[in-house]
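Residue numbers (our numbering): 4 to 476. Just so it is clear, CB atoms sit at the ideal spot from N, CA and C, and this is done for glycine as well. All remarks here apply to the structure that follows.
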């Protein structure tokens, strides 16, 4: 009897283990979960007809995404771990109290750890200053804003095992303080949301609801001085029909809808692009009853903002592409207003991949180019656009101690050249650096560039190093 029971138990375990794979023939999982991209069944050959040497790993990846009852199994596992043990089964999602879910990438901001340095924060402000100057050169107004993380505004639902250091400096505090002492036009949404008694974010999504988006929209356009319909006299319809992104990630087969508010802003404009979803990377709208043109960089927080902003402008372009193709947007769309919106958790993006624009040219009467120091530099065609050359280098001790921006003097002969002002940059290796985008057509046909690294002091411009660098194309 004992042997029979053991055999039955082993057979039952084998059957359970075989269900996901055998079930693929009858009920394969066809939908991607959360932010995944659905993968196609791999081929045994490559496009050129050669044998696909990665076929086994490709099949393994395919199975991981398509095994039968995947959504149901993941959901069941998540329900057990979150409700019984109070933890999440996904590294990207935090299971909070009262059914709340949080995006794990906001954890550093919440706990007060791994913040950018003050110099790096100043680098972001410097980059935004250069962006604003370029926008103003095109007779447009610039405005920058940050969407607060959900656990910044609603920390009370975070799990108790995450202990926030209340005394630690956070990126948002450092950035808000630095922007307050800069010339950058900044719309600070943090105090606006913090004084609201009503919860304006979803409990199972990482973003604000439509009522929160309306508050952000009105605050931003008021800061711009743009006349607009504030929709405050509109009684919104209320429907429990919104399924959050975090809900879809952790409970893919369990659609728990939340309450959202609808103001019918969508009826005021039309799409000028072939658009089926506000998730699309480039969207253009027209409204015959509104004035002005807008270019807006927005991340996923901008999904709910888009209908409101589209209602306020005659011509509006909304881009999710990063890095931002700023020069192209200014020349192609000729906006009156340029708005950059980014989530708090992504503040450092403007230091890692600053907007694509030709580096500002600085007029200098005299530059002391005498230096015996060789400075290691890189010159290459930009991976983001062949229209630009990227010239970059790491910050050394002398640059780090200087309060001056970094400039590059690019020689076109022994006696002349062009002085460019650089972006501050944070590399993938978390090293501080500088970067300038040059117009590739200005240096077409050249295989090398003679570049001097320049700083500014009380006496004027002075080179601290130079090099002749091969251009990587």
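Mind reading off the beta-carbon distance from residue 146 to residue 223? Whole number of angstroms is fine, and I expect it under 8 Å.
Counting from one through the chain shown, the residue named residue 146 turns up at place 143. Counting from one through the chain shown, the residue named residue 223 turns up at place 220. Residue 146 to residue 223, Cβ: 7 Å. Contact.
Residue 169 classed as buried or exposed, judged by whether at least 16 other C-beta atoms fall within 10 angstroms:
As a first step, residue 169 must be located in the chain shown, where it is residue number 166. When all chains shown are included, residue 169 counts as exposed.
Is the Cβ-Cβ distance between residue 475 and residue 438 less than 8 Å?
Here the question's residue 475 lines up with position 472 in the chain shown. Here the question's residue 438 lines up with position 435 in the chain shown. Cβ atoms of residue 475 and residue 438: not closer than 8 Å.
By the DSSP assignment, the beta strand (DSSP E) with residue 128 in it spans what residues?
On the chain shown, position 125 is the one that residue 128 refers to. First-last for residue 128: 121-140, but that is the alpha helix (DSSP H), not the beta strand (DSSP E).
Distance between residue 342 and residue 173 (C-alpha atoms, nearest Å)
What you label residue 173 is simply residue 170 of the chain shown in a count that begins at 1. What you label residue 342 is simply residue 339 of the chain shown in a count that begins at 1. The alpha-carbon atoms of residue 173 and residue 342 are separated by roughly 24 Å.
Does DSSP put residue 444 in a helix, a strand or coil?
Here residue 444 is taken as the residue at index 441 of the chain shown, counted from 1. DSSP places residue 444 in the helix class (H, G or I) of the three-state scheme.
Within the chosen definition, does the segment 133-142 reach the segment 308-323 through at least 3 CB pairs nearer than 8 Å?
no
Considering Cα atoms alone, identify which of 435, 389 and 472 is closest to residue 443.
Counting from one through the chain shown, the residue named residue 443 turns up at place 440. With distances taken between Cα atoms, residue 443 lies closest to 389.
Are the segment 221-241 and the segment 273-285 touching, with three or more C-beta to C-beta distances below 8 Å?
no
Pair within 8 Å by beta-carbon distance, residue 436 and residue 398
Stepping through the chain shown from its first residue, residue 436 is reached at position 433. Stepping through the chain shown from its first residue, residue 398 is reached at position 395. Contact: yes.
Report the rounded CA-to-CA distance for residue 367 versus residue 420, giving the unit in angstroms.
Position 364 of the chain shown, counting from 1, holds the residue named residue 367. Position 417 of the chain shown, counting from 1, holds the residue named residue 420. Cα-Cα distance, rounded: 11 Å.
Excluding the 5 residues flanking residue 453 on each side, which residues of the same chain have their C-beta closer than 6 Å to its C-beta?
Along the chain shown, one-based indexing puts residue 453 at 450. Cβ within range, chain order: 414 and 471.
Have a look at 167, 108, 178 and 105 and flag the residue whose alpha-carbon is nearest the alpha-carbon of residue 121.
Here residue 121 refers to the residue found at position 118 when the chain shown is read from its first residue. Comparing Cα-Cα distances from residue 121 to each of 167, 108, 178 and 105, the minimum goes to 178.
Closer than 8 Å is the cut-off here; do at least three beta carbon pairs connect the segment 145-164 with the segment 189-206?
At 8 Å Cβ cutoff, the stretches touch.
As a quick exercise: from 295, 111, 128 and 108, pick the residue whose alpha carbon is nearest that of residue 428.
Position 425 of the chain shown, counted from the first residue, corresponds to residue 428. When each option's Cα is compared against that of residue 428, the closest is 128.
Going by the beta-carbon positions, is the gap between residue 411 and residue 458 smaller than 8 Å?
Against the chain shown, residue 411 aligns to sequence position 408. Against the chain shown, residue 458 aligns to sequence position 455. No; because the gap between Cβ atoms is not below 8 Å, this pair is not in contact.
At which residues does the beta strand (DSSP E) containing residue 289 begin and terminate?
In the chain shown, the residue the question calls residue 289 occupies position 286. 285-289 is the extent of the beta strand (DSSP E) around residue 289.
Contact under 8 Å by Cβ, residue 217 with residue 266
Position 214 of the chain shown, counted from the first residue, corresponds to residue 217. Position 263 of the chain shown, counted from the first residue, corresponds to residue 266. In contact: residue 217 and residue 266 (Cβ atoms closer than 8 Å).
Backbone secondary structure at residue 463 - three-state DSSP:
On the chain shown, residue 463 is found 460 positions in, with the first residue counted as 1. Here residue 463 sits in strand by DSSP.
To the nearest angstrom, report how far apart residue 83 and residue 160 are at their CA atoms.
Taking the chain shown and counting its residues from 1, the one referred to as residue 83 is at position 80. Taking the chain shown and counting its residues from 1, the one referred to as residue 160 is at position 157. Its pLDDT being 48, under 50, residue 83 is placed unreliably by the model, and nothing is read from it.
What does DSSP give as the partner residues of residue 352 in its beta bridges?
Numbered from its first residue, the chain shown carries residue 352 at position 349. In the DSSP secondary-structure assignment, residue 352 is not bridged to any residue.
How far does the alpha helix (DSSP H) with residue 345 in it extend, from its first residue to its last?
Here residue 345 refers to the residue found at position 342 when the chain shown is read from its first residue. For residue 345, no alpha helix (DSSP H) encloses it; the enclosing beta strand (DSSP E) starts and ends at 340-346.
What does the Cβ neighbour count give for residue 268, buried or exposed, with the cut at 16 atoms within 10 Å?
Your numbering for residue 268 matches position 265 in the chain shown. Under the 10 Å beta carbon count, residue 268 is surrounded by 16 or more other beta carbons and is classified as buried.
Just to confirm before moving on: does the CB-CB distance between residue 323 and residue 301 stay below 8 Å?
In the chain shown, residue 323 corresponds to position 320, counting from 1. In the chain shown, residue 301 corresponds to position 298, counting from 1. The answer is yes: Cβ separation under 8 Å.
Please classify residue 10 as buried or exposed, where buried requires at least 16 neighbouring CB atoms within 10 angstroms.
As a working mapping, residue 10 is identified with position 7 in the chain shown. Exposed is the call here.
Kindly give me the distance between the Cβ atoms of residue 250 and residue 208, rounded to whole angstroms, as I take these residues to be in contact under 8 Å.
Within the chain shown, numbered from 1, the residue matching residue 250 stands at position 247. Within the chain shown, numbered from 1, the residue matching residue 208 stands at position 205. Their Cβ separation, rounded to whole angstroms, is 7 Å, which keeps residue 250 and residue 208 in contact under 8 Å.
Distance CB(residue 373)-CB(residue 460) smaller than 8 Å
The residue labelled residue 373 in the question sits at position 370 within the chain shown. The residue labelled residue 460 in the question sits at position 457 within the chain shown. Contact: no.
Is the separation between the beta-carbon of residue 3 and that of residue 296 shorter than 8 Å?
This structure cannot settle anything about residue 3, because the visible part of the chain is limited to 4 through 476.
Closer than 6 Å by C-beta to residue 426: which residues in its own chain qualify, once you throw out the five before and the five after it? Chain order, please.
Taking the chain shown and counting its residues from 1, one reaches residue 426 at position 423. So the qualifying residues of the chain are 130, 357 and 438.
Within 10 Å of its beta-carbon, does residue 327 have 16 or more other beta-carbons around it, so buried, or fewer, so exposed?
The residue you call residue 327 lines up with position 324 of the chain shown. By the 10 Å Cβ count, residue 327 comes out buried.
How many Å lie between residue 433 and residue 111 at the Cα?
For the purposes of this step, residue 433 is identified with residue 430 of the chain shown, where counting begins at 1. For the purposes of this step, residue 111 is identified with residue 108 of the chain shown, where counting begins at 1. Answer to the nearest angstrom: the Cα atoms are 16 Å apart.
With 16 other CB atoms within 10 Å as the buried threshold, where does residue 116 fall?
Counted from its first residue, the chain shown places residue 116 at position 113. Exposed, since its Cβ has fewer than 16 Cβ neighbours within 10 Å.
Three-state secondary structure (DSSP) at residue 263?
Taking the first residue of the chain shown as position 1, residue 263 is located at position 260. In the structure shown, residue 263 sits in a strand (DSSP, three-state: E or B).
Near residue 377, what residues of its chain come up, given a Cβ to Cβ distance below 6 Å and the 5 sequence neighbours on each side ignored?
Translated into the one-based positions of the chain shown, residue 377 becomes position 374. The residues are 470.
Residue 466, buried or exposed, once every other Cβ within 10 Å from all chains shown has been counted against 16:
Position 463 of the chain shown, counted from the first residue, corresponds to residue 466. Buried, by the Cβ-count rule.
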